[in-house]
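J.:
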Amino acid sequence: MAIAPADAQEIRGILSERETYTPIDVAEMVLIDDGLDTLGVTLTDERGFFRFELPESGEYYVIASALGYQSLRSESLWVGAGEVRIVEISMESRPVPVEGFLVEADGGEPQLAELRGTGFYERMAEGRGEFLTPGQIAASKAAWPQQLFWGTEKVRVHQRSHERPGVWDDVVVIPNRTSRGYCSPSIYVDGRWIREENIAPGVSLADIVHKEEILAVEIYEWPFGVPRLYVGKQACGVILFWTEFVDEGGS
């Protein structure tokens, strides 16, 4: 559906619950282009309304994430020059995990020998964090490490401004329970600490770890359940990446 052309092209929409048509507020809406680059992030209001201004005509997608609902990506949305595209997106409800308990997807996924020495499976059994398993990562269509976090409970993908466009402009953040804002988590790759907040300007997480190398991910909010060996260097969360080179990393 489209309405009369405006000065600039836009996507406007309503997000609602599929079963009841109830508007969903405070949902995170992410705008991506046909190259899967993040172009914008916004929250729905009390009416479930959201709006994106578009840089140019073309093909776009909207990703919706909300607590208590199954995250989804919209169908392809073609927006012409000066057009305002109106969309309706419906989300299916899902049970909310209780803090301290782990809901395993596709139970029975075999353990990888490379991860057994890292403590990944033991920590996942304890259920103190959020986990992306080898099976989930292998099934993901993400091309970049930041895109693995679309739809997760604890991580958001935001943009920062520097000279590299697209995915290089995406940064992962975790809710700061102290300030009620967001903060940059401490990043570990195969047990090695990387101070993400000190990454040189123009350097992205995608430069640090490649998606095709990642076997598993652990996510922890500070100070809830952060493993003793991987305590964050600041009052924020911790993200642990385990890759196919973990044996060389000496975790």
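Okay, so the sequence shown: first residue is 12 according to my numbering, each after it adds one. Glycine residues also receive a C-beta, built at the ideal position from the N, C-alpha and C atoms. In this text, all values refer to a predicted model and were calculated from it rather than measured experimentally.
1) Let me make sure I understand the geometry here. Which of F131, T129, A154 and R23 has the alpha-carbon closest to that of L88?
2) Does DSSP put R84 in a helix, in a strand, or in coil?
3) Using a Cβ distance threshold of 8 Å, determine whether the segment 132 to 142 contacts the segment 227 to 237, with at least three qualifying pairs required.
4) Would you be able to state if there are at least three C-beta pairs under 8 Å between the segment 43 to 62 and the segment 70 to 86?
5) According to DSSP, F256 sits in a beta bridge with which residue or residues?
6) For R203, which residues does DSSP report across the bridge?
7) Could you please give the first and the last residue of the uninterrupted beta strand (DSSP E) stretch that includes R96?
8) Measuring only the C-alpha atoms, how far is D263 from R203?
9) Which of the three DSSP states is assigned to A246 in this structure?
10) From P196 to F252, what distance separates their C-alpha atoms?
11) Taking DSSP as the reference, what is the three-state secondary structure of Y32?
12) As an exercise, report each continuous alpha helix (DSSP H) stretch of at least 4 residues that is fully enclosed by the segment 118 to 153, in chain order.
13) If you reduce the DSSP assignment to three classes, tell me which class E39 lands in.
14) Mark R58 as exposed unless 16 or more other C-beta atoms lie within 10 angstroms of its C-beta, in which case mark it buried.
15) Using the C-alpha atoms, what's the distance from W155 back to I100?
16) Which residues in the same chain as N187 place their Cβ atom closer than 7 Å to its Cβ, once the five residues preceding and following it in sequence are excluded?
T.: Quick answer:
1) R23
2) strand
3) yes
4) yes
5) None, per the DSSP bridge assignment.
6) V200
7) V95 to M102
8) With the chain covering only 12 through 262, there is no way to say anything about residue 263.
9) coil
10) 12 Å
11) coil
12) 124 to 127, 131 to 137 and 145 to 150
13) strand
14) exposed
15) 25 Å
16) Y193, C194 and C247
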